[in-house]
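Student: Protein chains in written order, with the numbering used here: chain A, 128 to 436; chain B, 332 to 873.
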């Protein structure tokens, strides 16, 4: 484990882009690492726009270029960089200025140019021109307090997006322009994060992590949900999840990180655990010699690296 | 047209034959509009009503325009069909010609059995039972309607207007079955659409002084508190508690929804607006009737987390606290409308209200009540779509607007109850069940009803084929033993899986057409005598 940064600077978001660069959105701003999360440097806004003081969400357009298109959000709105974070431009969101809590970029961004931004009070904003113009698209979204967004890997074809809110899950099948409830039965508590299988187009697997009742899974694109009992979350929140393969997910509980595997969609078992408190963000990055590396941020500000077995 | 008839009473068999002649005249006017190649009906205006003739392809409207036949003996049959068709048009908006074609076949075939000695009363109950069997089979075939492309195909099945159908496919994919939709005309070719976020009501701002954009005559507020009441405000001091409560919430904008504001009260709001203390606008509670206003205020309260203060409950504005005020991220008003977006109400309460309204919608059969409930549901769902329909001439614009309205009604039903293979193939697929019912029946009347239905189930598909230029005999021959869901795709002339080919009908509309036609035809078979008056009234109702 490597402690990369100062403490008392909670990590809100982590992403890894194709060339191995990792970005971290923190209370003190946006940071990047070009050496697999060993060292970090802060990114500052260019002459055109400052970065939000506190970066609550960050996303990158798909691609392996070092000149990645990045979106970073925080209190007051969203900024965009098309040169890997050197220069930033303000994205003009409809007023009043929102708190951006989640950003999702289309896997087919180069073709469809779609970016979605979830907000704390204003629902979902959508841009179909690389973030130039934004419009609020909240038809059917009965809860506007967005906590997470997750796009189908086959978004270019199925246009499916999931939004986690303070009172449940909503699904869009038209690229985030209208929403329908995809509710977990008997559960209207906050859904803190979502994860979608890389093979979603064929297996329809979606995971949803709640604040007090643990982890749920749907194998039919959010139509039906079942409780994942293999991870005993108790009443503690599941703060982050990521689906690293169709049969493997990593779940961040309040006091530990759990790697679960399943031979099929109907069964998951715990294969590894790491005792880490207060995890708030995690991402998978390419490690050395082809190994997969987990990068984990927590409330105390530490960013750690874990090699997956 | 003569309005003076010879008074008389006509008994069987003449009564049935004249009734049948009138019914056939009406159905003959409607039948050519069925299918993807509709032929239209030109209706000349009444004297003094206007000059432009109407070009109609809606069965309901065509029937409504035919208020009397010159043939006095045939007139009752025509008016009977007219009322059946118009009632169906009012209730579900479409399926009227299918119902008319089914009616004609059921009545004509039924009449043969009555003449041959079947008891009309027993035959009536067996025909109605047959309708329920058909509806059960249709429900079994129904599949959900989802996705822009599929909705567009269902829209195209209503009227062969690809441009309009594509647009409505997009619109209904976004707003869903319950969404708010306004269909307007504009003086341009083509069709277009706009979307407005949030809840939109009719009713403009109470004073021009409140505009923040005088050029656009519009006021927009951010982070607004809302005072919700049907009380009148004569004394400006009544507003002070609400204004103080808004400031206590930390907001600098207040939307005042009250029945009336005196000049003095308007002055108080204006003074504070100019001072920058509190930006405000005021509107009246939406709706004209008190019940409508209460419903609207209740819905706004749910969306914004406020508590409405009602005159009938003895509420007073002097006791308003911060807890009574709703809150919204954005509020706007112009000369004719006001709207709210980003209400800060409890989403759980919002879901409960939507579920309650949906239950109320399902429980009522009153079309006006359903429309009101649907509008409330649409506002709570978070947005509104406006479809703008244009064309080259006024006649074309009116025709397309009518088609858009009819298609919208059909799509709402289809999104709720699903879709069926179109082109009459869903009815054809009910024949095996009807044959099985006939084989298991022991009563003569029951077998007769099954025979009548077996013919009637082919009638809509046959009418579509004939309207598209196919020979009636050849069209009938093609329906002998089709696989389920297959039918004649009249554009290509091939037998296809209709659902796969994108030819779809609304399950709700088809079931309503079957039931309406069966009940009307079965009842008409029990007519034993007709009474003719000297001065029959023109059928202007509806």
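Where a beta carbon is used, it is the ideal one built from N, C-alpha and C, also for glycine.
Small disclaimer: the values here were computed from a predicted structure and weren't measured.
Compute the distance between the beta-carbons of residue 430 (chain B) and residue 416 (chain B), then report whether it is under 8 Å.
Tutor: Taking 8 Å as the Cβ cut-off, residue 430 (chain B) and residue 416 (chain B) qualify as a contacting pair.
Student: Mind listing, in chain order, the continuous alpha helix (DSSP H) runs of no fewer than 4 residues lying wholly within the region 221 to 309 of chain A?
Tutor: If we require 4 residues or more, the alpha helix (DSSP H) runs fully inside the region 221 to 309 of chain A come out as 236 to 239, 282 to 285.
Student: Whole angstroms are fine: how far does the CA of residue 205 (chain A) sit from the CA of residue 710 (chain B)?
Tutor: Spanning the two alpha carbons is a distance of roughly 29 Å.
Student: Buried or exposed for residue 479 (chain B), please, with buried defined as at least 16 other CB atoms from any protein chain shown within 10 angstroms of its CB.
Tutor: Residue 479 (chain B) should be labelled buried.
Student: Shorter than 8 Å from the beta carbon of residue 681 (chain B) to some beta carbon of chain A?
Tutor: It does: the Cβ of residue 681 (chain B) has a partner Cβ on chain A nearer than 8 Å.
Student: Tell me which same chain residues have a C-beta within less than 6 Å of the C-beta of residue 552 (chain B), skipping the five on either side of it?
Tutor: Taken in chain order, the residues that qualify are 584, 610, 662.
Student: Find out if the Cβ-Cβ distance for the pair residue 855 (chain B), residue 454 (chain B) is shorter than 8 Å.
Tutor: In this structure, residue 454 (chain B) does not lie closer than 8 Å to residue 855 (chain B) by Cβ.
Student: Are there three or more Cβ pairs, one per stretch, closer than 8 Å when the region 722 to 731 of chain B is compared with the region 382 to 398 of chain B?
Tutor: Judged by Cβ distances under 8 Å, the region 722 to 731 of chain B makes contact with the region 382 to 398 of chain B, as three or more pairs qualify.
Student: Less than 8 Å between the C-beta atoms of residue 312 (chain A) and residue 338 (chain A), yes or no?
Tutor: In this structure, residue 338 (chain A) does not lie closer than 8 Å to residue 312 (chain A) by Cβ.
Student: Quick one: list the residues of chain A neighbouring residue 678 (chain B), beta-carbon separation under 9 Å, in chain order.
Tutor: What residue 678 (chain B) touches in chain A: 269, 270, 271, 272, 292, 293, 294, 295, 315.
Student: What residues in the region 816 to 836 of chain B bring their beta carbon closer than 8 Å to a beta carbon of chain A?
Tutor: Those would be none; no residue qualifies.
Student: Could you list the residues in the region 705 to 717 of chain B with a C-beta less than 7 Å from some C-beta on chain A, going in chain order?
Tutor: So the list reads 712, 713, 714, given in the order they occur along the chain.
Student: Go through its chain and collect everything with a Cβ distance to residue 698 (chain B)'s Cβ below 7 Å, but skip five positions before and after it.
Tutor: Here the set comprises 421, 422.
Student: Could you please tell me which residues of the region 247 to 259 of chain A, in chain order, have their CB closer than 8 Å to any CB of chain B?
Tutor: Answer in chain order: 248, 249, 250.
Student: Look at the alpha carbon of residue 849 (chain B) and the alpha carbon of residue 437 (chain B), and state the distance between them as a whole number of angstroms.
Tutor: Rounded to the nearest angstrom, the two C-alpha atoms are 7 Å apart.
Student: May I have the straight-line CA-CA distance separating residue 262 (chain A) from residue 222 (chain A), to the nearest angstrom?
Tutor: Their Cα atoms are separated by approximately 10 Å.
Student: Counting only beta-carbon atoms, is residue 479 (chain B) nearer than 8 Å to chain D?
Tutor: Of the protein chains in this structure, namely A and B, none is chain D.
Student: Taking just the CA atoms, how far does residue 561 (chain B) sit from residue 638 (chain B)?
Tutor: Distance between the alpha carbons of residue 638 (chain B) and residue 561 (chain B): 12 Å.
Student: Under 8 Å between C-beta atoms, does residue 163 (chain A) make it to chain B?
Tutor: Chain B, which has no Cβ nearer than 8 Å to the Cβ of residue 163 (chain A), makes this no.
Student: Which of the three DSSP states is assigned to residue 418 (chain A) in this structure?
Tutor: Correct three-state label for residue 418 (chain A): coil.
Student: Determine the direct distance from the alpha carbon of residue 472 (chain B) to that of residue 747 (chain B), and round the result to whole angstroms.
Tutor: Spanning the two alpha carbons is a distance of roughly 15 Å.
Student: Helix, strand or coil, according to DSSP, for residue 667 (chain B) in the structure here?
Tutor: Residue state, collapsed to three classes: coil.
Student: Between the region 261 to 275 of chain A and the region 288 to 301 of chain A, are three or more C-beta pairs nearer than 8 Å?
Tutor: Touching, yes, given that three or more Cβ pairs across the two stretches are closer than 8 Å.
Student: Along the region 551 to 562 of chain B, where does the CB come closer than 7 Å to a CB of chain A? Name the residues.
Tutor: Cβ contacts with chain A: 553, 554.
Student: How about residue 783 (chain B): is its C-beta nearer than 8 Å to some C-beta of chain A?
Tutor: No, residue 783 (chain B) does not count as interfacial toward chain A.
Student: Taking Cβ positions only, does residue 504 (chain B) come closer than 8 Å to chain A?
Tutor: Residue 504 (chain B) counts as touching chain A.
Student: Give the straight-line distance between the Cα atoms of residue 295 (chain B) and residue 740 (chain B), rounded to the nearest whole angstrom.
Tutor: With chain B covering only 332 through 873, there is no way to say anything about residue 295 (chain B).
Student: Going by the beta-carbon positions, is the gap between residue 242 (chain A) and residue 233 (chain A) smaller than 8 Å?
Tutor: Yes, they are a contact pair.
Student: Taking residue 681 (chain B) and residue 633 (chain B) to be in contact with their CB atoms under 8 Å, please state how far apart those CB atoms are, rounded to whole angstroms.
Tutor: That belief holds up - the Cβ atoms of residue 681 (chain B) and residue 633 (chain B) are roughly 6 Å apart, short of 8 Å.
Student: Strictly below 7 Å CB to CB, what residues from chain A border residue 528 (chain B)?
Tutor: Simply 263, 265.
Student: Would you give the residue range spanned by the beta strand (DSSP E) that residue 368 (chain B) belongs to?
Tutor: Note, residue 368 (chain B): premise wrong, no beta strand (DSSP E); not H, not E.
Student: Note down, in chain order, every chain A residue with its Cβ under 7 Å from the Cβ of residue 510 (chain B).
Tutor: Here the neighbours are 266.
Student: What does residue 367 (chain A) touch in chain B if you count any residue whose Cβ is under 9 Å from its own?
Tutor: What residue 367 (chain A) touches in chain B: nothing, since even the nearest Cβ is about 24 Å away.
Student: Closer than 8 Å between beta carbons: that is the criterion. Which residues of the region 478 to 501 of chain B meet it against chain A?
Tutor: Taking 8 Å as the Cβ-Cβ cut-off against chain A, the residues of the region 478 to 501 of chain B that qualify are 478, 479.
Student: Which first and last residues belong to the alpha helix (DSSP H) in which residue 420 (chain B) is found?
Tutor: Looking at the DSSP string, the run of the alpha helix (DSSP H) that includes residue 420 (chain B) is 406 to 423.
Student: Can you give me the Cβ contacts of residue 339 (chain B) inside the same chain, cut-off strictly under 7 Å, excluding the 5 residues immediately before and after it?
Tutor: 863, listed in sequence order.
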